[in-house]
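So the structure is just underneath, and the comments pick up after that.
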Amino acid sequence: MKEYTSNQRKKIVLKINKVKNKEILALKYKISIRTYYYWKSQLETYSIIKPKSTKPKNNKNKLKNKKIIKRIIEIRKLYGYGKLKIKKQLELEDIKVGTTAIETVLKENNLYRNKKKKIKRKHKGKHAIYIKEAGEKVQIDVTLCGLRHMLFLVKYAIINLRLQI
Numbered sequence: 001m002k003e004y005t006s007n008q009r010k011k012i013v014l015k016i017n018k019v020k021n022k023e024i025l026a027l028k029y030k031i032s033i034r035t036y037y038y039w040k041s042q043l044e045t046y047s048i049i050k051p052k053s054t055k056p057k058n059n060k061n062k063l064k065n066k067k068i069i070k071r072i073i074e075i076r077k078l079y080g081y082g083k084l085k086i087k088k089q090l091e092l093e094d095i096k097v098g099t100t101a102i103e104t105v106l107k108e109n110n111l112y113r114n115k116k117k118k119i120k121r122k123h124k125g126k127h128a129i130y131i132k133e134a135g136e137k138v139q140i141d142v143t144l145c146g147l148r149h150m151l152f153l154v155k156y157a158i159i160n161l162r163l164q165i
């Protein structure tokens, strides 16, 4: 929906009132028919169409008790604790406050520091070795066989390589 000022809303409602098929004209202005009827009722009762405030009615995470706010700031400056440790410290003092409320207090007083971003390094691993000829690369699994058996396999692989060349 497009944002309209109160004067624009009033003009739209007056234009739509004149037409029989109100839905088509409402869609032309990119508003729903319910919005039109809401604006119309506002215009009839208050003689002006006020846009609704998008501001939240109350902030749940904002502390109002100044003693608690001072104590949070004090703990932060003394010990340098984060929100979780500050919460534990306040619980020891029988004060119940959420971590988000502590975080908002720290942000308002510029005491909340953001974590530094870690530098991502590119992986410098070994690249795959492409085999051009048969018998160029030999890989032996040692986990299941003993040392004598492993030596026999290596000798056998070397002999086979010499025969192929």
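When we follow the UniProt record's numbering, the leftmost residue of the sequence shown carries the number 1, and every step to the right adds one. Yeah, the Cβ is synthetic: ideal placement off N, Cα and C, and Gly gets one too.
Asked	Found
Inter-residue Cα distance where the pair is N17 and K2	20 Å
A26 versus V19: straight-line alpha-carbon distance, rounded	10 Å
Distance between T5 and Y37 (C-alpha atoms, nearest Å)	17 Å
I102 beta carbon less than 8 Å from that of I72	yes
The stretch 58-67 touching the stretch 94-109, judged by at least three CB pairs closer than 8 Å	yes
Secondary structure of Y81, DSSP reduced to three states	coil
Extent of the continuous alpha helix (DSSP H) to which L27 belongs	K22 to K28
Integer Cβ distance of I69 from Q89, believed to fall under 8 Å	About 14 Å; that fails the 8 Å criterion.
Close Cβ partners of R9 (< 6 Å) along its chain, the five nearest in sequence each way excluded	W39 and I49
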